Amino acid sequence: ILEGPLLRVVSVRFPGATLIPESIWQEQLEAVLKQSFTESSWLQDLRKVRRIAARRSQPEQRWVLALYEQVIESLTNAYKNSGFLSAHVGPLEQHLKGTEMSVVIPIEEGPKHRVRSIEIKNNISLEALEIMTRLEGMTSGDPFVEPLKPGAAFSFVGMEDARVALTKLYREQGFLYARVIAEAAVD
Numbered sequence: 020i021l022e023g024p025l026l027r028v029v030s031v032r033f034p035g036a037t038l039i040p041e042s043i044w045q046e047q048l049e050a051v052l053k054q055s056f057t058e059s060s061w062l063q064d065l066r067k068v069r070r071i072a073a074r075r076s077q078p079e080q081r082w083v084l085a086l087y088e089q090v091i092e093s094l095t096n097a098y099k100n101s102g103f104l105s106a107h108v109g110p111l112e113q114h115l116k117g118t119e120m121s122v123v124i125p126i127e128e129g130p131k132h133r134v135r136s137i138e139i140k141n142n143i144s145l146e147a148l149e150i151m152t153r154l155e156g157m158t159s160g161d162p163f164v165e166p167l168k169p170g171a172a173f174s175f176v177g178m179e180d181a182r183v184a185l186t187k188l189y190r191e192q193g194f195l196y197a198r199v200i201a202e203a204a205v206d
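Residues in the sequence shown are numbered from 20 upward in steps of one, following our numbering.
Right under this line is the structure:
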């Protein structure tokens, strides 16, 4: 085995990120890296390798391309869930100087899409006001997804969360076979 030198990431930048501060993405990256190097493994030998590697560099300083790609996917999803439907994250750029690496993950946010209006059709048993009130009070647990209401950032995840919540609302009212169909027209 020819290991070669141990590369150490000394900086990560996210140029173009205005919606979410770079510090948040730094924290996200560190969390992904730390988690991946501390998860329990079914192979005892891998635990030994991880302990040895942990002594050589901190998790947030390790270069593991697959983990950085996970962060890029997380970034992309966060932007799309915040209304930036055409956001583009990456490709990742690496700048190597000796054994130190700088990583750049460019972000193009694009325009932010907002919910212009919500149209409720064929609701006989529940009034539109009750349905809208339920939608506005709903949260998905994702900090980047706003409740579905006019003026909010649009996301397909938010729309699906609203559809599921309305289906549940109808089932609670006794309509076990109710189907809620959500459609979006994006300008």
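Glycine included, each C-beta is placed from N, C-alpha and C at the ideal position.
Every value quoted in this text rests on a predicted model; they were computed, and no experiment measured them.
Round the Cβ separation of residue i and residue j to the nearest angstrom and send it over; I've been treating them as touching at under 8 Å.
| i | j | result |
| --- | --- | --- |
| Ala203 | Arg153 | Contact flag wrong, Cβ pair sits at about 19 Å. |
| Leu167 | Ala181 | 4 Å |
| Val108 | Leu48 | Val108 to Leu48, Cβ: 12 Å. No contact. |
| Arg32 | Glu46 | Going by Cβ atoms, the distance from Arg32 to Glu46 rounds to 14 Å, so no, they are not a contact pair. |
| Arg198 | Ala172 | So it is not a contact: roughly 26 Å between Cβ atoms. |
| Ile150 | Pro34 | That pair is no contact at about 42 Å. |
| Arg135 | Pro169 | 7 Å |
Could you say which of the options lies nearest to residue i if we only look at CA atoms?
| i | options | result |
| --- | --- | --- |
| Gly177 | Phe103, Leu115 and Ile126 | Phe103 |
| Glu128 | Thr95, Leu148, Ser121 and Ile150 | Thr95 |
| Leu115 | Leu21, Val28, Ile20 and Asp206 | Val28 |
| Lys131 | Glu22, Glu191 and Ser174 | Ser174 |
| Trp82 | Val108, Glu112 and Ala181 | Glu112 |
| Ser30 | Glu138, Lys140 and Thr118 | Thr118 |
| Gln192 | Pro169, Gly170, Leu145 and Leu86 | Leu145 |
| Ile39 | Ala97, Leu188 and Leu195 | Ala97 |
| Asp161 | Ile150, Gly170 and Glu179 | Glu179 |
| Gly156 | Asp206, Leu188 and Glu138 | Leu188 |
Let me confirm a value: residue i is counted as buried when at least 16 other C-beta atoms fall within 10 Å, else exposed. Which label applies?
| i | result |
| --- | --- |
| Ala36 | buried |
| Ser101 | buried |
| Lys99 | buried |
| Ile143 | exposed |
| Ile124 | buried |
| Ile200 | exposed |
| Glu165 | buried |
| Leu62 | Residue confidence is low: Leu62 scores 42 on pLDDT, short of 50, so the model does not pin down where it sits. Its coordinate-derived value is still stated next. With fewer than 16 other Cβ atoms within 10 Å, it is exposed. |
| Leu21 | exposed |
| Glu92 | exposed |
| Ala106 | buried |
| Tyr87 | buried |
| Leu52 | buried |
| Val122 | buried |
Which first and last residues belong to the beta strand (DSSP E) in which residue i is found?
| i | result |
| --- | --- |
| Met157 | Here Met157 belongs to no beta strand (DSSP E), and DSSP marks it neither H nor E. |
| Ser30 | Arg27 to Arg32 |
| Val122 | Glu119 to Val123 |
List the endpoints of the continuous alpha helix (DSSP H) containing residue i.
| i | result |
| --- | --- |
| Leu115 | Counting along the chain, Leu115 falls outside any alpha helix (DSSP H), though it belongs to the beta strand (DSSP E) covering Glu112 to Lys116. |
| Val176 | Phe175 to Glu191 |
| Ser101 | Where Ser101 is concerned, there is no enclosing alpha helix (DSSP H), given that its DSSP letter is neither H nor E. |
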